[in-house]
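Peer 1: When we follow our numbering, the leftmost residue of the sequence shown carries the number 83, and every step to the right adds one. Backbone N, C-alpha and C define an ideal beta-carbon position, used for all residues, glycine too. Since the model is a prediction, treat every value here as computed from it, not as a measurement.
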Amino acid sequence: MESIGINYDEAIKTLADLKDSEIFDNSGPDHGTIVMSNIFRTATDHIRIFAGNLNGMVSKDEYLKELENYLSKGNKLSLILEKTPYRDSKKTTAIDIIEKYQKKFPNKISITCLNKNNPFLNLGIHFTVGDDRMYRFETDVTKFTARCSI
């Protein structure tokens, strides 16, 4: 998208605002943050996430801001984590924000951590689906490469 004279952040925001169903690639944690923040920004009903532990590699900066904005409206979030949620006593993490709003909207937010015997553990994929129309499907969880549509 840089080759057409528009930066990645602007291009993704434009696609999200237009609700364009174009499928595009996503690589690296910073691009993941941009896509996820736009899913939170434009979703109006329900976001479903299957992730590692929200360790802050993708769940940072605009992601945290847009996550909080999305949840503050009482929208639904279904979260499944492969591992114990990441916490940092020095800064607010995604799980801190999610748990804060889970207390406020207990019927709208669910958090599940897989146990070590779960067959879905260590599949090497993560994904997010927003409002049944947007998605980010991470095909390499160490390189943060993904296929997306917003």
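1. Could you compute how far the alpha carbon of residue 154 sits from the alpha carbon of residue 206?
2. Could you tell me the boundaries of the beta strand (DSSP E) in which residue 161 lies?
3. Should residue 117 and residue 94 be called a contact, given that it needs their Cβ atoms to be closer than 8 Å?
4. Can you check whether the CB of residue 120 is closer than 8 Å to the CB of residue 193?
5. Determine the direct distance from the alpha carbon of residue 96 to that of residue 233, and round the result to whole angstroms.
6. What distance in whole Å lies between the Cβ atoms of residue 124 and residue 98, which are believed to be in contact at a cut-off of 8 Å?
7. Only counting the same chain, and skipping five residues up and downstream in sequence, which positions put a Cβ closer than 6 Å to that of residue 158?
8. Report the rounded CA-to-CA distance for residue 44 versus residue 220, giving the unit in angstroms.
9. Do residue 203 and residue 179 have their CB atoms nearer than 8 Å?
10. Residue 139 by DSSP, collapsed to three states: which one?
11. Going by DSSP, which residues form a beta bridge with residue 208?
12. Check whether the Cβ atoms of residue 146 and residue 174 lie closer than 8 Å to each other.
13. Identify the residues that DSSP records as bridge partners of residue 228: which are they?
Peer 2: With the given structure in hand:
1. 31 Å
2. Taken as a continuous stretch (DSSP letters only), the beta strand (DSSP E) holding residue 161 covers 158 to 163.
3. Cβ distance < 8 Å, so residue 117 and residue 94 count as in contact.
4. no
5. Nothing in the structure corresponds to residue 233, since the chain is present only between 83 and 232.
6. 5 Å
7. Contacts found: 128, 190.
8. Since the first and last residues shown for the chain are 83 and 232, residue 44 lies out of range.
9. Taking 8 Å as the cut-off, the Cβ atoms of residue 203 and residue 179 do not count as close.
10. Assignment of residue 139 by DSSP, reduced to helix, strand and coil, places it in the coil class.
11. 220
12. yes
13. Looking at the DSSP assignment, residue 228 forms a beta bridge with 108, 220.
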